[in-house]
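Structure first, commentary second.
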Amino acid sequence: MNEFHSLELQQNFCERLYYLACTKIQKSELNNISFYCNIFENSNREDLAQQLQNHVKQFIRREINTSKRRPSIDSWYRFGTEPYERFYEFVIESIENYKHVDINSDDVSSIFLRYFEHKISNSNDKDILILVDKIILREVIWTKIEDERYRRQFVHSILIHPVINEIEGKREEIRKWIVELLNEKIEENSGSEIPIKMWLNSTNDLKEGLS
Numbered sequence: 001m002n003e004f005h006s007l008e009l010q011q012n013f014c015e016r017l018y019y020l021a022c023t024k025i026q027k028s029e030l031n032n033i034s035f036y037c038n039i040f041e042n043s044n045r046e047d048l049a050q051q052l053q054n055h056v057k058q059f060i061r062r063e064i065n066t067s068k069r070r071p072s073i074d075s076w077y078r079f080g081t082e083p084y085e086r087f088y089e090f091v092i093e094s095i096e097n098y099k100h101v102d103i104n105s106d107d108v109s110s111i112f113l114r115y116f117e118h119k120i121s122n123s124n125d126k127d128i129l130i131l132v133d134k135i136i137l138r139e140v141i142w143t144k145i146e147d148e149r150y151r152r153q154f155v156h157s158i159l160i161h162p163v164i165n166e167i168e169g170k171r172e173e174i175r176k177w178i179v180e181l182l183n184e185k186i187e188e189n190s191g192s193e194i195p196i197k198m199w200l201n202s203t204n205d206l207k208e209g210l211s
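Going by this note's numbering, the first residue of the sequence shown is number 1, and it counts up by one from there.
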């Protein structure tokens, strides 16, 4: 933010701020992130503001619904709110709708495998899938499947799962995590580099050709 306060913005400032903000999503940063959204909107980058808000709302839901007991609003805003803060009401609503959900990689894998193998999905799985994070996803994308040659198709089926697509912003969140996890796989095993890079290139980082 030094660049912003200097009153001299350099090229691609909004894009750089967006990626920085995505790494700082946590309770203590909600006021700051709200301010970043204001910057995006004033820069005619409503798209970045909306994407960032979607990521934050996913974080809020996940934090609240995985809590062992009903959270308090004070634990989210220990130092109060700024006039431009835009997530307070959403946090209040999420706390009011609090319902603890236990989630593990086996349950999530079963949901995705059921759709992959039989094209069966259940809207009741929404409470679980909304809480999927990168840690869970790391186990899921490498879970045992009947024929390992269809690993890519299995990952594709995760991204087109009907319930995932009902959750605002969740598909894009999961897509980004999968791309990150695949790149981490390359770092762990150099033998994976060629097939993974060819796959990501042919699908534009899993944005195209998933059907």
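C-beta: ideal position from N, C-alpha, C; glycine also.
Nearest to E252 by alpha carbon, out of K197, L20, K144, Q50?
This structure leaves residue 252 out entirely; the chain is present only between 1 and 211.
Should the stretch 167-185 be called in touch with the stretch 129-146, which here means at least 3 C-beta pairs below 8 Å?
yes
By a C-beta neighbour count over all protein chains shown, 10 Å radius and 16 as the cutoff for buried, is I194 buried or exposed?
exposed
Quick one, which of Q153, Y88, D102 has its alpha-carbon nearest E96's?
Nearest C-alpha to E96: Y88.
Classify G169 as helix, strand or coil using the three-state DSSP reduction.
coil
So V101 and I128 are in contact, right, with Cβ under 8 Å, and what is the actual spacing, rounded?
6 Å
Can you check the stretch 138-193 for any alpha helix (DSSP H) of at least 4 residues that lies completely inside it and give the ranges in chain order?
151-159, 170-188
Taking only runs that begin and end inside the stretch 23-94, name each unbroken alpha helix (DSSP H) of 4 or more residues, in chain order.
30-42, 46-65
Buried or exposed, going by whether 16 or more other CB atoms sit within 10 Å of the CB of Q26?
exposed
With respect to the alpha helix (DSSP H) encompassing I128, which residues constitute its N-terminal and C-terminal limits?
126-129 is the span of the alpha helix (DSSP H), which, as asked, contains I128.
Would you mind working out which of E46, I39, L30, N44 sits nearest F59, comparing C-alpha positions?
For F59, the nearest C-alpha among the options comes from L30.
Quick one: is the Cβ of F35 within less than 6 Å of any heavy atom of the ligand GTP?
The ligand content of the structure shown is nil, which means the ligand GTP is not present either.
Hey, is the stretch 58-75 in contact with the stretch 11-24, meaning 3+ C-beta pairs nearer than 8 Å?
Note that the stretch 58-75 does not touch the stretch 11-24; fewer than 3 beta-carbon pairs, one per stretch, sit closer than 8 Å.
Determine the closest residue to K185 out of K176, I196, R175, with distance taken between C-alpha atoms.
Of the listed residues, the one whose Cα sits closest to K185 is I196.
On the premise that V179 lies in contact with L159, defined as a C-beta separation below 8 Å, what is that separation, rounded to the nearest angstrom?
Between the beta-carbon of L159 and that of V179 there is about 11 Å, and that puts the pair past the 8 Å contact cut.
Would L48 and F35 qualify as a contact pair, given that the criterion is a beta-carbon distance under 7 Å?
Between L48 and F35, the CB-CB gap reaches or exceeds 7 Å.
What three-state label does DSSP hand E96 in the structure shown?
helix
If the criterion is Cβ atoms closer than 7 Å, does the pair V155 and S105 meet it?
no
For L20, count neighbouring C-beta atoms within 10 Å of its own C-beta (all shown protein chains included) and say buried if the count is 16 or more, exposed if not.
Classification for L20: exposed.
Excluding the 5 residues flanking E3 on each side, which residues of the same chain have their C-beta closer than 7 Å to its C-beta?
L9, Q10, F13
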